[in-house]
Structure formats: structure tokens, C-alpha cells
Amino acid sequence: MEIFEIELESFLKTILPIPELYEFLLIAQNLSKKRSEFLYFAGGVVRDYLLKTLYKKKIEKPKDLDLVLQGNLKNFLEELLKKVKGEILFESQFLTYKVKIYLNGKEFLIDFITARKEIYEGIAKLPKVFPSDFKDDILRRDFTINTLIIGLSPPYKGILIDLINGKKDLERGLIKPLHLNSFVDDPTRIFRGIRYKVRFGFKFAEEFFLALEKCFKKEALKKLSATRIANELRLYLNKEPEEKLKELLETTFYLNIFEEAGIKAKKENFNSVNELLSELKDELNIKEREKFFLLGLLNSQFLEQALRLGFTEFELKEIKKNINFIKKYLKYWEKMSLWEKIKIFEKIPPFYLLALAIYFPEIKEEVIKYFKEYRKIKSELTGNDLKNLGIKKGKEIGKILDLLRRKRIEGKIKTKEEEKNLIIQFLLKKSEN
Ligand code: ATP
């Protein structure tokens, strides 16, 4: 075990997302000292601090803080929350607590974790956890670069502890698991490792490939639940920089992870998925983005595998139904009018429609335009305006609004006046019939 003294104050000031938290940490520090329980920072916050200060890498401030206590965390938090305004939001089965703190009228979330030992009893199953000391807590971690800790309270206040050469691997830019069974125990670590490699531009250590080989041999990825696979892939989308998405997917593909997890991903789709996600960033909500992203990865010949990505049987049926629906029209696609196409698009929920744009590239450009433009075009006159003009029947109002929208999309009318003229013509024609 190597130890290094660091400037605690400078560390805190560098990592804290907001200066107010400094006061809070001093209170937590004093309490842990009084209780003789070691409190320390672990994980990303320490890794990123070193990358930033020692290796001058450009790193964003951490979004979440992981504070670990070697001791009775529940008790500790109860005492802490008598001194600071806040509440425990969530307690997990892994002895971790999400805590909300109120400081100067603002709210902050902090993850408190019990120093623990993990025991893996089944391949790719969640571990059993037991409170333990900081050494066991270091040894349960995913990669050496994430094993560094910085003490906030005695006996290692202001000390960086490097139990297993994490600092050297950080320096060399190596993604190295702690032991060769690491991915058999928890295959989600493979996806985590890919994220770190791509995010920091690091390399996989030889041990990464050896651990991967062991994982493949034991078919551990096949045993990983669909929910956990989908969660890991969602992090590619939600936690990593947008411009890295393609590299994340390609790295996953070339390491054969999709195949081993029972997912037939199609490499040729990655570009289009990426393109659509960035083109339509402002057009989709987060759920739609996630679902489209996952569906878009699949080879449309093997859609059953959507089940391995957390889709339900019902959703799978819907995907197939929509594929069959659009297929009926594809033969005539060239000859169809824009309006006819829009009417088809409107019948398909957004994330399915986007997936169709991946599976059938001939509709891609029109789908993009549909989301960015056509979907938003509406007549200026509203249903109420039409009522005021003396049109009473709901069905007729719907028909006229549709007509106005169509003419606007086709570029045939542009103003409210033109809309009114069109309505007059429509009504005249109707009375003639
Ligand atoms: P970032 O938030 O920048 O992605 P992080 O390292 O803080 O990085 P978290 O997911 O917040 O990532 O995890 C915190 C720490 O918990 C990690 O640094 C790692 O040491 C440990 N950890 C998380 N998931 C696992 C896992 N599946 N197996 C082992 N250790 C893990």
C-alpha cells in the first residue's frame, strides 16, 4: 500500500461542484473524527482529481460525490442530520444512502456508501454485501483507476491511499480489472470499462482481454439480465459526451460484447442512429431517445432480440406491427405524395418511427423532416375560429383544419387570410354539391 500526502483543502475546493458544500464536509469530517469512523472519498471524484491535477487532463467537475464511511453509516447519518438540514431519500440493499442536504436555501444530493465487502455467489448475479474496512471496499471495485481513495478524517486525513497501483495505471492510461474473474462476477463492468476507455482515450490492459475471455467462456453476458444490459447501454447515451457515442458502440461491437450478450447489433446502423439522435436532439423526450437508441442498434432481421434490451413482449409486437404497416407502402413510396406519407408517419409512435428510419433508409430524410418541420406545422385558424365562422360540426371542423394544415405543408398557403379564402372556397364547393 502506497500513501501520499495531499492538500486536502485544495482537493475539496477543486472537486466541489458548489462552494457551500465545503462547510457541510467539515461538519461530516468532525463527526467522523468524534465517532472514530474513517470517512473518505472514493471512485470517480479521486480519479478525476488526479487526472486533472497531476496529468493536466481537461475534466469536468464531478456531478456526484461518493463519500464512504468505514463504520455504522445509518447511525452516522442520523447524527449528521441533526446538525445539518437534510433527509435520507433512499436506502439501498447495498448499504448505500442517497441524502439530500439543504444549504443556504439550495439542495444537494450526496451518495453515502458503507465501506463493504462483496461476495458473488452466482455468475452475473447481484452480490451479497457486508460492512467491512476500506481495504475490502477498495478490492470490490471495477478497475484499478477507480481504487484510489482520499481520506477526509483520521486516521488518513489528507492522505491519498493507493492499495494496488491505481495511480500508475492512471498515469499509463490503462483500464485494468482487479482480477480475472471480475467480469464473470459482474459483466456490467465491461460496459463501464468501455466508457472509461473511450471517455479518457485510454487503452485496455492485457488483463482486460483475459478477463473478457473468461467471461465469454462462462457465458456470463448471456446471464446478465435485459434490464441491466439496457441500463448500461443507456449510460452510453446519457452519461458520455455525444461525440463519443459512435466509438462507444463500435468498441462494444468489435469486442463482440453484443453477440455474447445475445444481441444481434448491426454495425451499419450506428452512424444513422448517431445522426438521428443529434439531428433530433430537441424533438424527442428522454424516454423516446433511449428507446429509439436501443431499437436502432438492432438488426431488423432479428427483432426478437429487443427482449434482451428490456423491451416488453407488447412492445416487440408493436415494433413488428409497425414494420409490417410501413412495408405495405414502401413499394409505392416514390409515387406517394408528401401528405400521404405524413399521414402514415402520424400513425406510428415517435421512437418506432425513428427505428423504422434506420431499418428502411429510403424513408430516413423524410422522417427527419417530419420531426423537425411537418409535425409542427399547424393552421393559424383554430377550431374556435372555425366555430365563430359558423362551422358547427366537430367532424367538419376536423376536416377543414386538416385541409389547412395540408395546404400549409405543401406550401400552397402561408397567411391567415389565405386560410380564410380556402375555407370560403371549401364551403362554396360543399353547398354546390
Ligand atoms: P463517473 O461518474 O465519472 O462515470 P464513477 O467512477 O464515479 O465515474 P460511479 O458509477 O458513480 O462511477 O461509481 C462509483 C465507483 O463505484 C466507481 O468508481 C467504482 O469504483 C465503483 N463501482 C461502480 N460500479 C461498479 C461495479 N459494477 N463493480 C465494481 N465497482 C463499481
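Numbering-wise (this note's numbering), the sequence shown opens with residue 569 and increments by one.
Yeah, the Cβ is synthetic: ideal placement off N, Cα and C, and Gly gets one too.
- Beyond the five residues adjoining it in sequence on each side, residue 884 comes within less than 8 Å, by CB distance, of 871, 872, 874 and 875 in the same chain, given in chain order.
- Apart from the 5 residues on each side of it in sequence, residue 690 has no Cβ closer than 6 Å to any other Cβ in its chain.
- In the DSSP assignment, residue 607 is bridged to 637.
- Annotation for residue 757: 710, 711, 745, 750 and 751 place their beta carbon closer than 8 Å to its own, counting only its chain and skipping 5 residues before and after.
- In chain order, 684 and 685 place their CB closer than 7 Å to the CB of residue 698, counting only its own chain and leaving out the 5 sequence neighbours on each side.
- Short note on residue 970: C-beta not closer than 6 Å to any heavy atom of the ligand ATP.
- Here residue 593 has 580 and 720 as same chain residues with Cβ atoms under 7 Å from its own Cβ, once five neighbours each way along the sequence are excluded.
- Three or more beta-carbon pairs separated by less than 8 Å link the stretch 609-629 to the stretch 712-731, which places the two stretches in contact.
- Measuring C-alpha to C-alpha distances from residue 777 to each of 810, 754, 743 and 680 identifies 743 as the nearest.
- Nearest C-alpha to residue 693 among 600, 787, 996 and 1000: 787.
- Taking the Cα of residue 889 as reference, the smallest distance to any Cα among 902, 868, 906 and 877 is reached at 868.
- Bridge partners of residue 654 according to DSSP: 669.
- Taking 7 Å as the cut-off, the beta carbon of residue 674 is found no closer than this to the beta carbon of residue 595.
- For residue 859, the CB contacts under 7 Å within the same chain, skipping 5 residues up- and downstream, are 919 in chain order.
- By the rule of a C-beta closer than 7 Å to any heavy atom of the ligand ATP, the residues picked out are 610, 611, 612, 613, 615, 616, 630, 631, 632, 634, 708, 709, 710, 714, 715, 754, 756, 757, 760, 763 and 807.
- Nearest to residue 895 by alpha-carbon distance, out of 810, 864, 927 and 767, is 927.
- Only residues of its own chain outside the window of five on either side were considered, and among them 619, 625 and 741 have a CB closer than 8 Å to the CB of residue 768, listed in chain order.
- Within its own chain, the residues whose Cβ lies closer than 8 Å to the Cβ of residue 965, once the five positions on either side in sequence are excluded, are 951, 954, 955 and 959, listed in chain order.
- Beyond the five residues adjoining it in sequence on each side, residue 761 comes within less than 8 Å, by CB distance, of 710, 711, 743, 745, 772 and 776 in the same chain, given in chain order.
- Judged by their CB atoms, residue 878 and residue 798 are nearer to each other than the 7 Å cut-off.
- The Cβ atoms of residue 667 and residue 681 do not sit closer than 7 Å to each other.
- Assigned with DSSP and collapsed to three states, residue 575 falls in coil, not helix or strand.
- Looking from the CA of residue 780, the closest CA among 917, 662, 759 and 851 belongs to 759.
- Annotated three-state conformation of residue 680 is strand, per DSSP.
- Between the C-alpha atoms of residue 949 and residue 654 there is a straight-line separation of about 51 Å.
- The stretch 936-1001 is shown to contain whole alpha helix (DSSP H) runs of 4 or more residues at 951-956, 962-977 and 984-1000, in chain order.
- In the pairwise beta carbon analysis, the stretch 656-665 is classified as not touching the stretch 718-738: fewer than three pairs are separated by under 8 Å.
- By the criterion of a C-beta distance shorter than 7 Å, residue 946 is surrounded in its chain by 973, once the five residues flanking it on both sides are discounted.
- Residue 918: member of the alpha helix (DSSP H) spanning 918-927, first to last residue.
- Across the set 809, 834, 828 and 807, the C-alpha of 834 shows the shortest separation from the C-alpha of residue 818.
- Residue 912 sits close to residue 897, with the two beta carbons spaced by under 7 Å.
- Spatial neighbours of residue 821 in its own chain (CB-CB distance under 8 Å, excluding positions within 5 residues in sequence) are listed in chain order as 833, 835 and 838.
- In this structure, the straight-line span from the alpha carbon of residue 938 to that of residue 984 is close to 23 Å.
- In terms of Cβ geometry, residue 922 and residue 862 do not form a close pair [threshold 7 Å].
- Each residue's CA atom was taken as its position, placing residue 815 and residue 766 some 7 Å apart.
- Selection 910, 577 and 739 evaluated against residue 931 yields 910 as nearest (Cα-Cα).
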